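Enquirer: Numbering of the sequence shown is given in our numbering, commencing with residue 2 and proceeding in unit increments.
Using N, Cα and C, we set each Cβ at its ideal position, and we do this for glycine too.
If you're wondering where the values come from, they're calculated on a predicted model, not measured in any experiment.
Pasting in a structure now, in structure tokens, and then I'll have a few things to ask.
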Amino acid sequence: MGNEENETILSALRVSMVTEKRSNHKHLNCKPLFNHPEMSQHTKKEIKRLMGRAIHKYNMTEDGDHILVSVSGGKDSMSLLWLLRERIKRIPINYRLTAAHVDPGFGADSAGQMRSFFQEHGFDYQVITSDCGPKAHSPENLENPCFLCSRLRRKALFKMASELNCNKIAFGHHKDDMIETFFLNIFYGASVSTMMPLQPFFNGKVVVIRPLYMIPERLIQKYARLMGWPKIDMGCPTAGASKREDIKQMLKGLYRTNKKIEGNIFHAIQNVKREYLP
Ligand code: SF4
2 MGNEENETIL
12 SALRVSMVTE
22 KRSNHKHLNC
32 KPLFNHPEMS
42 QHTKKEIKRL
52 MGRAIHKYNM
62 TEDGDHILVS
72 VSGGKDSMSL
82 LWLLRERIKR
92 IPINYRLTAA
102 HVDPGFGADS
112 AGQMRSFFQE
122 HGFDYQVITS
132 DCGPKAHSPE
142 NLENPCFLCS
152 RLRRKALFKM
162 ASELNCNKIA
172 FGHHKDDMIE
182 TFFLNIFYGA
192 SVSTMMPLQP
202 FFNGKVVVIR
212 PLYMIPERLI
222 QKYARLMGWP
232 KIDMGCPTAG
242 ASKREDIKQM
252 LKGLYRTNKK
262 IEGNIFHAIQ
272 NVKREYLP
């Protein structure tokens, strides 16, 4: 995507926003649900190892970075935020994190729920209330609701990153997301593509990073259960009934027939033989 096009996208953003800073809100209960010491240690070690490997491979974090972490309220983005902060203590470089939540505007007040979470755990944050969700579900939208909703939320995040002078935006997409997106793009986008672990925009002014891209969803699920984070309700009518969910179920069926399929697809995405494509 070119510079001009990106700028046009940002200026075309029609998200009505209320940017909110810290405010009082009831604290959420956030106790670990189970805590078997050996299992916890193994899960935590493995998730940190895989995230560290991805970060090193693409040099995703550098000294002085200001990273806007997109937190939807799901287990993936909560894990990402937590792990990125925890990592600062163990590495010789320093970066700053700002957690960002875009409430899709379905009336479930995910903004309030996320604000409480960020405050309770001492994160710098920005919370935005938008109308991305209702817009994506309006009769005028002829696209898949998730496609438009995510695009509008992404634009809001880019705008926020620019206002806060963040040079990076981190998303919590994991290994299964990469694979599912690959099939979504083939089935519904007629293209062979997926998400990049690291992707510069505006001539590198903002870089999107996906530090969880090597981590399978089941490991993140385990980690999130150990951490006992609250379930954030976005109030979305499409949740659980999206095209992505259909692909997820299709892949689950395939994985049950052969354990190697998941790994093979992930490697295939990184081993494209262009000369054997028309
Ligand atoms: S599931 Fe709902 S909130 Fe999530 S991307 Fe789709 S439309 Fe938006």
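Using the three-state DSSP reduction, which class does Met-44 fall into: helix, strand or coil?
Expert: With the sequence shown as reference, residue 44 is identified as Thr, and Met is not the correct amino acid for it. Three-state DSSP puts Thr-44 in a helix.
Enquirer: Please list, in chain order, all residues with a C-beta atom less than 6 angstroms from at least one heavy atom of the ligand SF4.
Expert: Listed along the chain, these residues meet the criterion: Pro-105, Gly-134, Ala-137, Pro-146, Cys-147, Cys-150, Ser-151, Met-235, Cys-237, Thr-239, Ala-240 and Ser-243.
Enquirer: So Ile-210 and Ala-171 are in contact, right, with Cβ under 8 angstroms, and what is the actual spacing, rounded?
Expert: Indeed, because the Cβ distance is near 5 angstroms, the residues count as touching under 8 angstroms.
Enquirer: Distance, Cα to Cα, Glu-63 vs Cys-150?
Expert: If you take the alpha carbons of Glu-63 and Cys-150, they lie about 31 angstroms apart.
Enquirer: Contact check, Val-103 vs Ala-157 under 8 angstroms by CB: the rounded distance?
Expert: Indeed, because the Cβ distance is near 5 angstroms, the residues count as touching under 8 angstroms.
Enquirer: Measuring CA to CA, which of Pro-201, Glu-144 and Gln-200 is closest to Gly-190?
Expert: Checked all of Pro-201, Glu-144 and Gln-200; the closest Cα to Gly-190 is Glu-144.
Enquirer: Only counting the same chain, and skipping five residues up and downstream in sequence, which positions put a Cβ closer than 8 angstroms to that of Glu-181?
Expert: Hits under 8 angstroms: Arg-245, Ile-248, Lys-249 and Leu-252.
Enquirer: How about Tyr-214 and Asp-178: do their beta carbons lie closer than 9 angstroms?
Expert: Yes, Cβ-Cβ distance for Tyr-214 and Asp-178 is below 9 angstroms.
Enquirer: Tell me the rounded alpha-carbon separation between Ser-41 and Pro-279.
Expert: In a straight line, the C-alpha of Ser-41 is about 48 angstroms away from that of Pro-279.
Enquirer: May I ask you to list the residues that DSSP assigns as paired with Gln-222?
Expert: Per DSSP, none; premise fails for Gln-222.
Enquirer: What distance in whole Å lies between the Cβ atoms of Val-70 and Ala-112, which are believed to be in contact at a cut-off of 8 angstroms?
Expert: That pair is no contact at about 16 angstroms.
Enquirer: Tell me, which residues are paired with Gln-271 by DSSP?
Expert: Looking at the DSSP assignment, Gln-271 forms no beta bridge with any residue, so it has no partner.
Enquirer: Output yes or no for whether 9 angstroms exceeds the beta carbon distance between Met-228 and Met-79.
Expert: In this structure, Met-79 lies closer than 9 angstroms to Met-228 by Cβ.
Enquirer: Hey, would you say Ile-48 sits closer than 9 angstroms to Leu-220, going by beta carbons?
Expert: Result yes, Cβ atoms of Ile-48 and Leu-220 sit closer than 9 angstroms.
Enquirer: My output table needs one value for Arg-211: the three-state DSSP class, helix, strand or coil.
Expert: It is coil, neither helix nor strand.
Enquirer: What is the rounded straight-line gap between the Cα of Tyr-256 and the Cα of Asn-265?
Expert: Approximately 11 angstroms, taken between the alpha carbons.
Enquirer: Are the CB atoms of His-67 and Thr-99 within a distance shorter than 9 angstroms?
Expert: In this structure, His-67 lies closer than 9 angstroms to Thr-99 by Cβ.
Enquirer: Quick check on Val-273: buried or exposed, where buried means 16 or more other Cβ atoms within 10 Å of its Cβ?
Expert: Flag for Val-273 reads exposed.
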